[in-house]
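Encoded structure:
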């Protein structure tokens with residue numbers, strides 16, 4: 001379980017208009033994340049725009065990442081694809097490049113049944129032969145994992161964790177108690193949805209899979225460590241500073257906002273892949289003000 005604990009910082013994947021990865025810019029972002037001391041790096045997750053990239057470009061991104069931070073900070077690579085055989089190939093590519101773990105979402109065009117998702121995950125886990133995290137992301141995939149399916153998958157070789165969406169009414173403790181009662185000891189339960197991270201960490205989740213940590217790793221790590229130390233007052237103080245950013249994430253989607261943040265910080269200049277449009281220019285001041293709140 002040690003791979004899927006603490007703060008996992010999910011990086012953008014800068015590309016040109018044709019979908020070619022800017023490996024130099026990616027390496028600079030990853031080096032910055034590594035130097036902050038996060039627990040792991042998430043590559044080619046939703047923040048990394050994996051669904052917009054070809055297999056070849058995804059392989060280039062993984063190879064560039066491992067050249068930069070391999071052996072220094074664990075790297076978890078997203079391998080989601082519509083077809084099972086393609087996801088298996090992506091998992092093998094990640095393993096060959098030296099990745100430490102895998103993240104898999106049930107991408108689909110035709111809505112999937114639970115048995116189809118089970119077989120898909122079992123096949124990809126077997127192909128990758130690396131610790132794999134279930135990516136439960138119904139907002140994007142339109143598939144919601146039942147407790148029973150998570151429990152069943154947790155017993156498949158190599159499947160070691162689940163990345164959950166925020167529960168209704170912030171009912172973290174009840175959800176985690178149910179899942180821990182149905183999954184093997186050591187199976188990691190973590191959450192995405194940055195605006196709920198403070199509550200999830202204080203409730204005792206194993207990992208925060210963070211969007212904002214891809215560009216503000218030190219600040220996200222401070223919140224994580226405060227929560228791990230049960231310093232409620234410090235968690236609330238830090239989370240309050242993040243609130244304007246959380247509001248932007250909710251209003252425009254974190255994917256768009258991250259590109260605007262990267263430009264505002266002078267870290268890289270890239271547009272999201274079409275048909276996704278950049279954040280409206282009218283929101284630029286809001287992004288800068290939100291960053292000022294966090295960075296002081």
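Numbering (the UniProt record's numbering), first residue to last: 1 to 296.
Glycine included, each C-beta is placed from N, C-alpha and C at the ideal position.
Throw me the rounded Cβ distance for the residue i and residue j pair, which I believe falls under 8 Å.
i, j, result
"residue 80", "residue 53", "At roughly 11 Å, the Cβ-Cβ gap does not stay under 8 Å, so residue 80 and residue 53 are not in contact."
"residue 215", "residue 262", "6 Å"
"residue 45", "residue 130", "That pair is no contact at about 16 Å."
"residue 133", "residue 101", "7 Å"
"residue 118", "residue 82", "Rounded, the Cβ-Cβ distance is 17 Å, inconsistent with contact."
Helix, strand or coil: how does DSSP classify residue i here?
i, result
"residue 43", "strand"
"residue 1", "The predicted position of residue 1 is uncertain, since its pLDDT is 49 and thus under 50; a value taken from the coordinates is nonetheless stated next. In this structure, residue 1 counts as coil in the three-state DSSP scheme."
"residue 48", "coil"
"residue 141", "helix"
Less than 6 Å between C-beta atoms, sequence neighbours within five positions excluded: which residues of the same chain meet that for residue i?
i, result
"residue 164", "136, 191"
"residue 29", "11"
"residue 143", "106, 112"
"residue 217", "9, 33, 36, 38"
"residue 219", "294"
"residue 25", "14, 268"
Just curious, the alpha helix (DSSP H) that residue i is in, first and last residue?
i, result
"residue 297", "This structure cannot settle anything about residue 297, because the visible part of the chain is limited to 1 through 296."
"residue 191", "No alpha helix (DSSP H) contains residue 191, which is instead part of the beta strand (DSSP E) from 188 to 191."
"residue 68", "55 to 69"
"residue 33", "23 to 36"
"residue 96", "84 to 97"
"residue 6", "Note, residue 6: premise wrong, no alpha helix (DSSP H); beta strand (DSSP E) at 6 to 10."
"residue 153", "147 to 153"
Could you tell me whether the Cβ of residue i comes closer than 8 Å to any Cβ of chain B?
i, result
"residue 21", "Among the chains of the structure shown, chain B does not appear; only one protein chain is present."
Which first and last residues belong to the beta strand (DSSP E) in which residue i is found?
i, result
"residue 164", "159 to 164"
"residue 105", "Run containing residue 105: none; DSSP gives neither H nor E here."
"residue 210", "207 to 210"
Out of the options, state which residue places its alpha-carbon closest to the alpha-carbon of residue i.
i, options, result
"residue 88", "68, 114, 59", "59"
"residue 271", "73, 128, 259", "259"
"residue 238", "247, 249, 229, 224", "224"
"residue 75", "228, 14, 99", "99"
"residue 254", "235, 277, 55, 226", "277"
"residue 77", "40, 206, 170", "40"
"residue 141", "109, 47, 212", "109"
"residue 302", "290, 145, 274", "Residue 302 lies beyond the range of the chain shown here (1 to 296); nothing can be said about it."
"residue 173", "204, 126, 31, 64", "204"
Please work out which residues of its chain come closer than 8 Å, Cβ to Cβ, to residue i, disregarding the five sequence neighbours upstream and downstream, and give them in chain order.
i, result
"residue 257", "245, 248, 249, 279, 287"
"residue 22", "14, 15, 16, 268, 270"
Got a sec? Which residues, its chain only, sit under 7 Å from residue i by beta carbon, not counting five neighbours each side?
i, result
"residue 227", "198, 201, 202, 235"
"residue 222", "238"
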